[in-house]
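Beneath this line is the structure, given in structure tokens, with notes to follow.
Residue numbers (the working numbering), protein chains in the order written: chain A, 208 to 366; chain B, 9 to 196.
As structure tokens, then:
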């Protein structure tokens, strides 16, 4: 089975066909996805601004990171299922052919790997072994990856 | 001048037509409006969660406000600016949109919530500044704000979907819908 066949089986599954019958289900799912977007923005910015020497700059890094990670995980719990449902709605007729979708998936993969490996390790280590320059670099990479995910996601939704 | 007349006049200005018919500018403004959610609601939500005692419990409330409010305010101004442009691009369409109208009501309620918070429990912030879980009034204020922003996001996303429900230009419609949407049949 090719990838396109797989996408077709998702889009034309009985669940998705039922979903497409109502014009309201899609925007409601999209709305919840946007709420997740807002939350992940807060959770990522809280820490990355701190790494850049802005925002909550007086707070110990490991503490702030623990506070933020809970909301980051919650936002992913909101974003991933609502994102997958939106994708399934038009998987084979739209998303498969859309470069922005594949860019978003690649950036999302990199952002998740970076966030839960390099960035996480840096945050737990705290300031002791980190130089300001390396903190700023980690924040810049994190912000760049998540911004790519967000902007590519926005482009998917354009007419 | 009535609100409707104001919208009609705005719609008749060349800038409104240009923005409405632009190939990219409208979509750029729309994208800025959507993505600014991360900055504005994201940082506001962190402040609200702290007010509810759900995060950064060891950080003083004043510290959270001082560090995050400037970012949230910047995001809010960007939201108002991009949102005003989106309104300016199609004033009559927004005027006759139930979701847009409800969103504006929610925005006013959110403003009142902030005002009440500053006039009441925030006046005594010195007493609870370091409390891991702020007093009831602050928790309620934070919770109400979070719920209002969530509703606001949903109403905003719904604005283009009114056409699947009813069309002011296709009458007759139920009187209650005409009233709520302020339908002006024949306008665009």
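Backbone N, C-alpha and C define an ideal beta-carbon position, used for all residues, glycine too.
These numbers were taken from a predicted model, which means no experiment stands behind them.
Amino acids of chain B, ordered along the chain, whose beta-carbon sits closer than 7 Å to that of residue i
| i | result |
| --- | --- |
| residue 242 of chain A | 158 and 161 |
| residue 270 of chain A | 66 |
| residue 274 of chain A | 63 and 64 |
Closer than 7 Å at the beta carbon, the chain A residues around residue i
| i | result |
| --- | --- |
| residue 39 of chain B | 361 |
| residue 113 of chain B | Chain A residues near residue 113 of chain B: none, gap ~17 Å exceeds 7 Å. |
| residue 71 of chain B | 265 |
| residue 54 of chain B | 249 and 253 |
| residue 81 of chain B | By Cβ distance, chain A contributes nothing, its closest Cβ being about 13 Å from residue 81 of chain B, past 7 Å. |
Under 8 Å from the C-beta of residue i: neighbouring residues of chain A
| i | result |
| --- | --- |
| residue 27 of chain B | Within chain A, no residue comes near residue 27 of chain B; the closest Cβ sits about 16 Å away, beyond 8 Å. |
| residue 47 of chain B | 248 and 252 |
Where residue i falls: helix, strand or coil (DSSP)
| i | result |
| --- | --- |
| residue 255 of chain A | helix |
| residue 218 of chain A | helix |
| residue 311 of chain A | helix |
| residue 208 of chain A | coil |
| residue 297 of chain A | coil |
| residue 138 of chain B | coil |
| residue 176 of chain B | coil |
| residue 64 of chain B | coil |
| residue 242 of chain A | helix |
| residue 21 of chain B | coil |
| residue 183 of chain B | helix |
| residue 290 of chain A | helix |
| residue 305 of chain A | coil |
| residue 270 of chain A | helix |
| residue 15 of chain B | helix |
| residue 230 of chain A | coil |
| residue 261 of chain A | coil |
| residue 97 of chain B | helix |
| residue 360 of chain A | helix |
| residue 192 of chain B | coil |
Whole-angstrom distance between residue j and residue i, CA atom to CA atom
| i | j | result |
| --- | --- | --- |
| residue 187 of chain B | residue 42 of chain B | 29 Å |
| residue 55 of chain B | residue 112 of chain B | 22 Å |
| residue 329 of chain A | residue 260 of chain A | 15 Å |
| residue 171 of chain B | residue 310 of chain A | 32 Å |
| residue 65 of chain B | residue 36 of chain B | 38 Å |
| residue 72 of chain B | residue 339 of chain A | 22 Å |
| residue 324 of chain A | residue 244 of chain A | 21 Å |
| residue 319 of chain A | residue 22 of chain B | 46 Å |
| residue 234 of chain A | residue 282 of chain A | 18 Å |
| residue 91 of chain B | residue 209 of chain A | 43 Å |
| residue 224 of chain A | residue 180 of chain B | 31 Å |
| residue 262 of chain A | residue 242 of chain A | 22 Å |
| residue 306 of chain A | residue 312 of chain A | 10 Å |
| residue 191 of chain B | residue 290 of chain A | 35 Å |
| residue 286 of chain A | residue 239 of chain A | 8 Å |
| residue 103 of chain B | residue 257 of chain A | 42 Å |
| residue 49 of chain B | residue 347 of chain A | 21 Å |
Where residue i meets chain B, residues with beta-carbon distance less than 9 Å
| i | result |
| --- | --- |
| residue 238 of chain A | 158, 161, 162, 163, 164, 165 and 166 |
| residue 365 of chain A | 35, 38 and 39 |
| residue 358 of chain A | 39 and 43 |
Contact test: residue i Cβ vs the ligand ATP heavy atom, cutoff 7 Å
| i | result |
| --- | --- |
| residue 223 of chain A | Among the components modelled here there is no ligand, and therefore nothing to report on the ligand ATP. |
Beta-carbon neighbours of residue i, restricted to chain B and to distances below 8 Å
| i | result |
| --- | --- |
| residue 255 of chain A | Correct list: empty, because the minimum Cβ distance to chain B is about 11 Å. |
| residue 339 of chain A | Chain B residues near residue 339 of chain A: none, gap ~18 Å exceeds 8 Å. |
Closer than 9 Å at the beta carbon, the chain A residues around residue i
| i | result |
| --- | --- |
| residue 75 of chain B | 256, 257, 261, 262, 263, 264, 265 and 266 |
| residue 85 of chain B | Result: empty, since nearest Cβ-Cβ is about 16 Å, beyond 9 Å. |
List, from N- to C-terminal side, the alpha helix (DSSP H) runs of 4 residues or more that fit wholly inside the stretch 143-175 of chain B. If we require 4 residues or more, the alpha helix (DSSP H) runs fully inside the stretch 143-175 of chain B come out as 144-166.
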